[in-house]
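Structure, as structure tokens:
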């Protein structure tokens, strides 16, 4: 139960941080951490299938797509203001 | 006995996927062939429902609540027939419209196929989670279609539409999660008696979430902000599909939930609130339609207004005598059908006028009356339904709604309907007047292929004839 | 209170956080992040509430797997549109949300 | 104006969250017990793992539509008009160590995907997880500069993207000849589900990788 409460606190903290931190890159990294914590939560909920899918798709692929978008954004910024 | 229900879902899934693999040429021909087939399937299903009442189909043979059931009653059959009837002429129209835009056409067919599969699956589903999946399929297909031709305007509209539709389906899904939590099932058939027996407060919250999400997807005032740019900015065949059918799919679900699943817990206050939002939509949408300078934006705001009439159904049919409720219910469904046919014709006609003149402002369509009289005639016929003049389907629908309002002594809805009718007459005549103005000598004019004109006339005529054969449609509705 | 219910409550909080972020944050990437957090919240609610007695329930678990796939599909489409907007307008925002200097984003 | 909106939304959202939390603390016992029904019918489903049984058999129709959603998203992205840069986009940072590593890892991931797929019948795993592993291999190959981003998929690739959905539909239709849609005969259920899952894995891998490979090079060039 204590582990669950800690995990829940970490989940909420990473979600709030991902939504409010000023730096976009940091926000995406926090979102990936959030995804991995979600995978842990699924494991705690006796849902190993979702844990696998969440880690691979929710954190992994979504994270990769978001990181790529941030990189694209930064590239555009540099082009606009050399 | 042959059962058309699974085929109505499989056919568009199959042709959409094959159209993606094979490319636009063969894909387009396959699509048209399958659409003709689907229209006959829907007709067969209608006959079966009239003869034998509600039909169920247990996918996988398990049956609810373990498996997923398909269900066809009068209402879903009307929606299925309407959908196939509108899409077939629009398919011919789209082939002519996208000539010379190979890349758009390459993806138009698969996206339209999935859109159609989503709608047919939605109308046939009797499982709230399965409906969520069809809603997402529908939303993503619609967004893909809006963004099809690109450009800053449509892409922005598509993005806004996507965010709105995702917020809507998320609210719906949370409602489904709560329902599963309370009752342990997501089947409409299993849930209905359970809700009637005992509904804790959580169920009311679930109902509010699901209805709000669907209202956002139906673009009911004040959630209409995403609709005009999306419907006005999309290519004309897409605008026609979206305005005529896609928003009706989520409205159909609202009807299904309100009068079926949540019937034991809905209140007259909530119904009056929905009616008030509908009245707001009629007045505000018509007013803004009148102020538009671009043809397709005018037609799009007209959709915002016409959606309002649909929601007048709730205060007129909730908690009233059976006779009044019957009349309101018939009027509401007839309005869905009439507006679907008329708005498909109107958007298609607007697209044809824009193609012919090369300009999308209302001021640019001068001379249309002499150059493409057939298209303008179709636009005017559709306008008759939108205004609600006899003998159109729109008249029959609004007459039934007026009758229900009179019988239940809710005169305020009558005022709204009359004012809305006058405003819609004003914006339809604003277009017609401009079309009859003489052409400037310098204006260039493109000749239209026949297939860009005749399907429109067909749709407009259907919306008019509906006023005469409305009884047939309503008898199908009563069969269940 | 079972631990499944703790997760369900967390799900409710995540849904609210995500919804507020989706509506209030003007930057499209943040809206997309918020949508995903909101989705995770719904999934936690679905499974957490269903398993509140402590026994695993494969039905909502399968539904969540479906939901995760739908969410990545929506996310990818949203990112594609956001990137097009960036290339055309130089910004990842909807035009009506361009004002507001007090916003948190780069 | 903006601040007012913020405060209103935050207030409403927290009020809603509190109501939601309070309500779910006080739920009655569910009237329908689906887990028991799943356990009771598990033997008839052709697989041993309950989640796979729900996903591919009891609620297989959901999964069929869900594959369509995923394919549709990729289609929607491909449909956006874009001018892909002429040179094949490869990350410049591809270093030899990463490349060598990838050459070893990619076949390994293929094996893992095969195992996860096969294991899905008995324990956690299945087409989705296996497809995600495949997609991961694809992304890794791209990052190592060994796989170019996609411009427009050719016909073979399109067929590969669609094969999962098409096989699923074909099985569903074939089964209709002797019963209803997606009703597996008991003796064949396991084999048919594995066949669907195998083709799904391929398509899911391609589609998920495609989401990344199309997006990563989708700039509108002026």
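Chains as they are written, first to last, in my numbering: chain V, 1058 to 1139; chain Y, 120 to 599; chain E, -4 to 101; chain U, 2 to 223.
Heads up, the beta-carbon is just placed ideally off N, CA and C, and yes, glycines get one too.
As the structure is a computational prediction, the values presented were derived from the model and not from experiment.
Assigned secondary structure, residue i (DSSP; H/G/I helix, E/B strand, else coil)
{"i": "residue 126(Y)", "result": "helix"}
{"i": "residue 191(Y)", "result": "strand"}
{"i": "residue 538(Y)", "result": "helix"}
{"i": "residue 104(U)", "result": "helix"}
{"i": "residue 246(Y)", "result": "strand"}
{"i": "residue 1131(V)", "result": "helix"}
{"i": "residue 306(Y)", "result": "strand"}
{"i": "residue 44(U)", "result": "helix"}
{"i": "residue 25(E)", "result": "helix"}
{"i": "residue 480(Y)", "result": "strand"}
{"i": "residue 34(U)", "result": "coil"}
{"i": "residue 83(U)", "result": "coil"}
{"i": "residue 124(U)", "result": "coil"}
Cβ-Cβ separation, residue j to residue i (assumed contact under 8 Å), whole Å
{"i": "residue 1098(V)", "j": "residue 1064(V)", "result": "6 Å"}
{"i": "residue 533(Y)", "j": "residue 524(Y)", "result": "5 Å"}
{"i": "residue 201(U)", "j": "residue 132(U)", "result": "7 Å"}
{"i": "residue 490(Y)", "j": "residue 475(Y)", "result": "7 Å"}
{"i": "residue 128(Y)", "j": "residue 243(Y)", "result": "7 Å"}
{"i": "residue 176(U)", "j": "residue 45(U)", "result": "Actually they do not touch by this definition, with Cβ atoms about 14 Å apart."}
{"i": "residue 18(E)", "j": "residue 10(U)", "result": "5 Å"}
{"i": "residue 517(Y)", "j": "residue 371(Y)", "result": "Not a contact, Cβ separation roughly 20 Å."}
{"i": "residue 44(E)", "j": "residue 25(U)", "result": "6 Å"}
{"i": "residue 464(Y)", "j": "residue 356(Y)", "result": "That pair is no contact at about 12 Å."}
{"i": "residue 592(Y)", "j": "residue 460(Y)", "result": "Incorrect: roughly 11 Å between the Cβ atoms, too far for contact."}
{"i": "residue 329(Y)", "j": "residue 342(Y)", "result": "With a Cβ gap of about 14 Å, residue 329(Y) and residue 342(Y) do not count as contacting."}
Residue i - containing alpha helix (DSSP H), residue span
{"i": "residue 3(U)", "result": "3 to 25"}
{"i": "residue 120(Y)", "result": "It is not in any alpha helix (DSSP H) - residue 120(Y) carries neither H nor E in the DSSP assignment."}
{"i": "residue 558(Y)", "result": "Residue 558(Y) -> no alpha helix (DSSP H), and no H or E assigned at all."}
{"i": "residue 174(Y)", "result": "Where residue 174(Y) is concerned, there is no enclosing alpha helix (DSSP H), although the beta strand (DSSP E) it sits in stretches over 174 to 178."}
{"i": "residue 492(Y)", "result": "492 to 506"}
{"i": "residue 72(U)", "result": "61 to 80"}
{"i": "residue 337(Y)", "result": "320 to 337"}
{"i": "residue 185(U)", "result": "That residue, residue 185(U), is in no alpha helix (DSSP H); it is neither H nor E in DSSP."}
{"i": "residue 594(Y)", "result": "573 to 597"}
{"i": "residue 169(Y)", "result": "143 to 171"}
{"i": "residue 5(E)", "result": "-2 to 19"}
{"i": "residue 157(U)", "result": "156 to 177"}
Rounded separation between residue i and residue j - CA only
{"i": "residue 434(Y)", "j": "residue 126(Y)", "result": "37 Å"}
{"i": "residue 208(U)", "j": "residue 255(Y)", "result": "17 Å"}
{"i": "residue 293(Y)", "j": "residue 46(E)", "result": "16 Å"}
{"i": "residue 1066(V)", "j": "residue 120(U)", "result": "34 Å"}
{"i": "residue 302(Y)", "j": "residue 40(E)", "result": "14 Å"}
{"i": "residue 419(Y)", "j": "residue 363(Y)", "result": "11 Å"}
{"i": "residue 383(Y)", "j": "residue 314(Y)", "result": "7 Å"}
{"i": "residue 29(E)", "j": "residue 78(E)", "result": "17 Å"}
{"i": "residue 107(U)", "j": "residue 43(U)", "result": "35 Å"}
{"i": "residue 266(Y)", "j": "residue 317(Y)", "result": "45 Å"}
{"i": "residue 1101(V)", "j": "residue 505(Y)", "result": "57 Å"}
{"i": "residue 401(Y)", "j": "residue 415(Y)", "result": "18 Å"}
{"i": "residue 546(Y)", "j": "residue 409(Y)", "result": "5 Å"}
{"i": "residue 513(Y)", "j": "residue 586(Y)", "result": "7 Å"}
{"i": "residue 447(Y)", "j": "residue 430(Y)", "result": "10 Å"}
{"i": "residue 570(Y)", "j": "residue 216(Y)", "result": "9 Å"}
{"i": "residue 80(E)", "j": "residue 211(U)", "result": "21 Å"}
{"i": "residue 146(U)", "j": "residue 100(U)", "result": "7 Å"}
{"i": "residue 3(U)", "j": "residue 340(Y)", "result": "21 Å"}
{"i": "residue 456(Y)", "j": "residue 160(Y)", "result": "19 Å"}
{"i": "residue 509(Y)", "j": "residue 450(Y)", "result": "14 Å"}
{"i": "residue 519(Y)", "j": "residue 392(Y)", "result": "21 Å"}
{"i": "residue 27(U)", "j": "residue 20(U)", "result": "11 Å"}
Min CB distance residue i to chain C below 8 Å
{"i": "residue 65(E)", "result": "Judged by its chain identifiers, the structure shown contains no chain C, and its protein chains are V, Y, E and U."}
What runs of the beta strand (DSSP E), each 3 residues or longer, lie entirely inside the segment 360 to 395 of chain Y? none
Considering only residues of the segment 390 to 447 of chain Y, which uninterrupted alpha helix (DSSP H) runs meet the minimum length of 4 residues and lie entirely inside it, listed in chain order? 414 to 430, 432 to 436
Could you tell me which whole alpha helix (DSSP H) segments of length 4 or greater appear in the segment 245 to 301 of chain Y? 247 to 265
3-residue-minimum beta strand (DSSP E) runs that sit fully inside the segment 46 to 80 of chain E, ordered along the chain: none
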